[in-house]
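Chemist: In this text, residue positions in the sequence shown follow UniProt numbering: the first is 1, and each later residue adds one.
Beta carbons are placed, not taken as given, at the ideal position from N, Cα and C, and that holds for glycine.
These numbers were taken from a predicted model, which means no experiment stands behind them.
I have a structure here, written as structure tokens, and I will follow up with some questions on it.
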Amino acid sequence: MAKNQAPFKIALIGAGPASLTLANILQRNAVPFSIFESSSQIRTAGGSLDLHPESGQLALKEAGLWTEFTKHARPESDVLKLLNVDTGEVYWDENAGDGRRDSHTEQDPYAGRPEIDRQALVNILFQGLEQGTVTFNKKATKIVPTPDDSTHKYDVHFADGTLDPGFDLVIGGDGAWSKVRNLLSATTPHYSGISAIETWCNDVQANAWLLDFVGAGSCFGFGEGRTVQAQRQGDGRLMTYACLRCPEDHIQTCGIDWEDEDAARSQWMDRYFSDVSPELRRVVAECGDSLVARSLYELPVGFRWEAREGVTLVGDAAHVMTPFAGVGVNVAMTDSLVLAGEIGGEVCAEDDEGEDGAF
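Set out below in structure tokens:
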């Protein structure tokens, strides 16, 4: 870097998997940065994730966190059972030997797509960072160009009335409703047409029937306009979704009292899933420890933004999608892997030439 030139200043807005992955790679390569998270602690809510060798796993290796990942990953849960939601007919069941793994996967269990709880993954990424790296309770409210500055720097304003000025690069890892994305596009996520209830069984080991029916990994029942899905978790829990095609405001207008979780679960299933497979209805009924109702949103397929020097997006801020493709976190971590390489090249170019380049 040229003599007397200020260090390149990077802000990561949000501390989800994409930002934390990027932060670990930058830290490992001695690239300074700041992370600002609106919550008081790392957010760990969510179910199990499968990490692919060419994307999520590769990013963890680049971040130096592969060994920690293998301590928490569950290759044995890379198993799928697929049913007809209406009749219960089993189309595919890897628990029963359908689609047995090929020899290289048996020799290397991580050659497949091992599962890991979102909570475990986020904790691995967070604990890989130096203490104090993430600034909590810092909600970014707006990002604006630094006044009277011709070098494309940005000031980050926070809800507590403070600001941090002069960032050369602002990275939006702030999720579906990203503030950073507003600098790049007026596009916002739209309703996917699907709403769901998410229910949990906190101790699936105590329920022999659930263990046997769901199997070691994921159990999906699909049909016209409806799906029931169940997924084992590494902490002994089981998560289910009962998803329905319905209007955007259906959760609010259907008349179900979501505060009464037991009654709400029964009403949702009786109204909209009364004629589905009795076994799949039972799966949801047996998961009575907690319930959340939510509508699912996504950015338009093929969403792009006009390039703007000094601002970019990663993860859900760039491409929030419904969970059915099963690739969200892998795409997010790939974003971070690729962006880290670009940042590294830029910082090296500055060191060599003492000049700023465009991202």
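1) Look at the Cβ atom of Asn330, then the Cβ atom of Gly16, and state whether they are nearer than 8 Å.
2) Where DSSP assigns a beta bridge to Met239, which residues make up the other side?
3) Express the C-alpha separation of Val320 and Arg308 in angstroms, rounding to a whole number.
4) Of the residues Thr44, Trp66, Glu37 and Arg43, which one's Cα is nearest the Cα of Leu51?
5) On the premise that Leu22 lies in contact with Ile116, defined as a C-beta separation below 8 Å, what is that separation, rounded to the nearest angstrom?
6) Count the other CB atoms within 10 Å of the CB of Ala208; is the residue buried (16 or more) or exposed (fewer)?
7) What number of angstroms, rounded off, separates the C-alpha of Asp289 from the C-alpha of Leu80?
8) Cβ atoms of Phe126 and Ala140: under 8 Å apart, would you say?
9) Compare the C-alpha of Glu286 against each of Asp203, Ala176 and Asn95 and name the closest.
10) Assuming Met269 contacts Ala293 under a Cβ cut-off of 8 Å, what Cβ separation, rounded to an integer in Å, is found between them?
11) Quick check: is the beta carbon of Glu224 nearer than 8 Å to any beta carbon in chain D?
12) Give the straight-line distance between the Cα atoms of Phe33 and Phe167, rounded to the nearest whole angstrom.
13) Cutting at 7 Å between CB atoms, please list the residues of its own chain near Ser103, excluding the five before and the five after it.
14) For Val85, does the count of other Cβ atoms within 10 angstroms reach 16, so buried, or fall short, so exposed?
15) Whether or not the region 236 to 252 and the region 190 to 202 are in contact is what I'm after, with contact meaning three or more pairs of Cβ atoms, one per stretch, closer than 8 Å; do they touch?
16) In the DSSP assignment, find the unbroken beta strand (DSSP E) run with Val214 in it and report its ends.
17) Comparing the CB of Thr67 with every heavy atom of the ligand FMN, is any distance shorter than 7 Å?
18) By how many angstroms is the C-alpha of Ala120 removed from the C-alpha of Leu49?
19) Is Asn123 helix, strand or coil by DSSP?
20) May I have a chain-ordered list of the alpha helix (DSSP H) segments no shorter than 4 residues that lie completely inside the region 128 to 180?
21) Mark Ala263 as exposed unless 16 or more other C-beta atoms lie within 10 angstroms of its C-beta, in which case mark it buried.
22) Excluding five sequence neighbours on each side, which residues of the same chain lie with their C-beta closer than 7 Å to the C-beta of Ala318?
Modeler: Reading from the atomic positions:
1) Your numbering for residue 330 matches position 330 in the sequence shown. Your numbering for residue 16 matches position 16 in the sequence shown. Cβ atoms of Asn330 and Gly16: not closer than 8 Å.
2) In the sequence shown, residue 239 corresponds to position 239, counting from 1. Partner(s): Trp200 and Gln231.
3) As a working note, residue 308 is residue 308 in the sequence shown. As a working note, residue 320 is residue 320 in the sequence shown. Each residue's alpha carbon lies about 20 Å from the other.
4) Stepping through the sequence shown from its first residue, residue 51 is reached at position 51. Selected option, being the one with the closest Cα: Trp66.
5) By one-based count along the sequence shown, residue 116 stands at place 116. By one-based count along the sequence shown, residue 22 stands at place 22. No, Ile116 and Leu22 are not in contact; Cβ-Cβ is about 19 Å, not under 8 Å.
6) Translated into the one-based positions of the sequence shown, residue 208 becomes position 208. Exposed.
7) The residue given as residue 289 occupies position 289 in the sequence shown. The residue given as residue 80 occupies position 80 in the sequence shown. Approximately 24 Å between the Cα atoms of the pair.
8) As a working note, residue 140 is residue 140 in the sequence shown. As a working note, residue 126 is residue 126 in the sequence shown. Not in contact: Ala140 and Phe126 (Cβ atoms no closer than 8 Å).
9) Taking the first residue of the sequence shown as 1, we reach residue 286 at position 286. Checking every option, the nearest Cα to that of Glu286 belongs to Asp203.
10) Here residue 269 refers to the residue found at position 269 of the sequence shown. Here residue 293 refers to the residue found at position 293 of the sequence shown. With a Cβ gap of about 12 Å, Met269 and Ala293 do not count as contacting.
11) In the structure shown, chain D cannot be found, because there is only a single protein chain.
12) Within the sequence shown, numbered from 1, the residue matching residue 33 stands at position 33. Within the sequence shown, numbered from 1, the residue matching residue 167 stands at position 167. For Phe33 and Phe167, the distance between alpha carbons rounds to 10 Å.
13) Against the sequence shown, residue 103 aligns to sequence position 103. Low confidence applies to Ser103: its pLDDT is 44, below 50, so where it sits in the model is not reliable, and the reading given next is rough at best. Excluding sequence neighbours, Ser103 sits near nothing in its chain.
14) As a first step, residue 85 is located in the sequence shown; it is residue number 85 there, counting from the start. So Val85 counts as buried.
15) yes
16) Within the sequence shown, the letter at position 214 stands for residue 214. Counting along the chain, Val214 falls outside any beta strand (DSSP E), though it belongs to the alpha helix (DSSP H) covering Ala208 to Val214.
17) This structure simply doesn't include the ligand FMN, nor any ligand for that matter.
18) Walking along the sequence shown from the start, residue 49 turns up at place 49. Walking along the sequence shown from the start, residue 120 turns up at place 120. Roughly 10 Å between the two C-alpha positions.
19) In the sequence shown, residue 123 corresponds to position 123, counting from 1. It is helical.
20) none
21) By one-based count along the sequence shown, residue 263 stands at place 263. Counting Cβ neighbours within 10 Å, Ala263 comes out exposed, since fewer than 16 surround it.
22) The residue given as residue 318 occupies position 318 in the sequence shown. For Ala318, where only same-chain residues beyond five positions count, the Cβ hits under 7 Å are Asp335.
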